[in-house]
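J.:
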Amino acid sequence: MMVFLAVAVWFDIRGRGRVHPALLVVGLVYSMLQILLGPIAGSPR
Amino acid sequence: MDNETRHITPSAEAWERKAYLGLAIAIAVTVIVGFGLNAGRYNFNPSVFPAHVHLHGLVFMSWVALYVVQCVVVVVGRVAWHRRLGVAGAALAVMMLGLGLYTTVLCLQRGAVPPFFSPALFLVIDGLGIIMFFVLVAAAILVRQRSDWHKRLMLGATILVTSPAIGRILPMPLLGPWPVGRFTLQ
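Protein chains in written order, with my numbering: chain A, 1 to 45; chain B, 46 to 231.
Quick look at the structure:
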């Protein structure tokens with residue numbers, strides 16, 4: 001997933017010279033999911 | 046025209062549209078390869094799956110196909126078609142939310158959770174993933190007048206629903222208990 005997002009970030013840097021805020025929002029959503037999943041992934045079954 | 050769109054030239058914007066089409070095709074290929082590998086690996090027999098699983102697969106694949114078509118339509122400049130197809134996309138997103146949650150819960154009920162996931166993790170990964178997909182699609186529809194925001198939020202939403210296909214490409218059982226939560230979202 002992060003590979004696709006990284007490609008979109010590269011598109012922004014190539015075309016606009018900076019990352020569009022919408023991609024930062026998407027990155028924030030993904031990070032939030034990671035933070036929420038972290039403790040569950042580490043918990044015993 | 047918003048502040049972000051003013052930063053790029055028309056030719057750069059045209060390049061960006063084509064680049065997003067390329068990314069859409071890469072996502073579609075990933076989904077086809079992921080589920081294709083899975084079918085080949087486990088001697089796929091469609092008759093063993095309940096009807097709602099087939100419907101779930103059909104609706105989610107339709108989203109990926111529609112995403113590619115929408116990118117093509119934008120590249121060829123048929124914005125009116127894009128808007129008309131967008132209505133179908135919104136309806137598909139609602140169906141995906143319902144079917145995604147329903148299929149996840151029923152998978153738990155019939156014990157069809159992959160062995161490398163705990164039931165709690167499976168529920169949270171799939172449940173939160175589809176809810177966040179719907180939130181990103183809803184946000185993209187709300188800002189549809191701002192094409193720069195719209196295309197990026199739609200991309201973010203579509204990437205989220207590719208994680209089951211990516212999970213079928215990665216050797217998940219070999220990744221151990223710690224990376225499961227991480228790799229399914231990467």
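We put the beta carbon where it would ideally sit given N, CA and C, even for glycine.
Bear in mind that the values here come from a model prediction, so they are computed numbers and not experimental data.
Would you identify the three-state DSSP class for A:G17, choosing helix, strand or coil?
T.: If DSSP states are grouped into helix, strand and coil, A:G17 belongs with coil.
J.: Return the Cβ separation of B:F178 and B:L205 in integer angstroms, given the expectation that the two are a contact with Cβ distance under 8 Å.
T.: Yes, they are in contact, since the Cβ atoms of B:F178 and B:L205 sit about 5 Å apart, within 8 Å.
J.: Need the endpoints of the alpha helix (DSSP H) that B:V114 sits in, please.
T.: Unbroken alpha helix (DSSP H) run through B:V114: 96-120.
J.: Pull up the CB-CB distance for B:L111 and B:L130, whole angstroms please, since I reckon it's below 8 Å.
T.: Contact holds; Cβ gap of about 7 Å.
J.: Starting from B:A64, find everything on chain A with Cβ-Cβ shorter than 7 Å and list it in chain order.
T.: Ordered by position in chain A, the residues that pass the 7 Å Cβ test against B:A64 are F11.
J.: Sorry if obvious, but does the Cβ on A:G17 come closer than 7 Å to a heavy atom of the ligand NAD?
T.: You won't find the ligand NAD in this model; it holds no ligand whatsoever.
J.: Any beta-carbon of chain B closer than 8 Å to the one on A:A6?
T.: So, not an interface residue.
J.: For A:V19, tell me which candidate among B:A202, B:T149, B:D193, B:A210 has the shortest Cα-Cα distance.
T.: For A:V19, the nearest C-alpha among the options comes from B:D193.
J.: Using alpha carbons as the reference points, say which of B:P209, B:F161, B:A183 lies closest to B:G174.
T.: Looking at the Cα atoms, B:P209 is the closest of the given residues.
J.: Going straight from the alpha carbon of B:P55 to that of A:G15, what length do you get?
T.: If I take the Cα positions, the gap works out to 11 Å.
J.: Could you check where the alpha helix (DSSP H) with B:A157 kicks off and where it finishes?
T.: Neither: B:A157 is in no alpha helix (DSSP H) and is coded neither H nor E.
J.: So, with DSSP's three-state summary, where would you put B:T207?
T.: B:T207: coil per DSSP, three-state reduction.
J.: At the level of alpha carbons, what is the spacing between B:E58 and B:I211?
T.: Roughly 29 Å between the two C-alpha positions.
J.: Is B:V113 closer than 8 Å to B:I214 when the C-beta atoms are compared?
T.: No; because the gap between Cβ atoms is not below 8 Å, this pair is not in contact.
J.: What are the boundary residues of the alpha helix (DSSP H) that includes B:T54?
T.: Looking at the DSSP string, B:T54 is not in any alpha helix (DSSP H), and its letter there is neither H nor E.
J.: Is there at least one Cβ from chain A nearer than 8 Å to B:R197's Cβ?
T.: By this cut-off, B:R197 is an interface position.
J.: In terms of residue numbering, what span does the alpha helix (DSSP H) encompassing B:M177 cover?
T.: Counting along the chain, the alpha helix (DSSP H) containing B:M177 begins and ends at 164-187.
J.: So is B:W60 in contact with chain A if we call contact Cβ pairs under 8 Å?
T.: Taking Cβ atoms only, chain A reaches closer than 8 Å to B:W60, which makes this a yes.
J.: Quick one: does B:D193 have its CB under 8 Å from some CB of chain A?
T.: Output row for B:D193: interface = yes.
J.: At least one CB of chain A closer than 8 Å to the CB of B:V158: is that the case?
T.: It does not; no Cβ of chain A falls within 8 Å.
J.: Tell me, please, whether the CB atom of B:A125 is closer than 8 Å to any CB atom in chain A?
T.: Not closer than 8 Å to any Cβ of chain A, the Cβ of B:A125 fails to qualify, so no.
J.: Between the segment 160-172 of chain B and the segment 126-141 of chain B, do three or more beta carbon pairs fall short of 8 Å?
T.: No, they do not touch.
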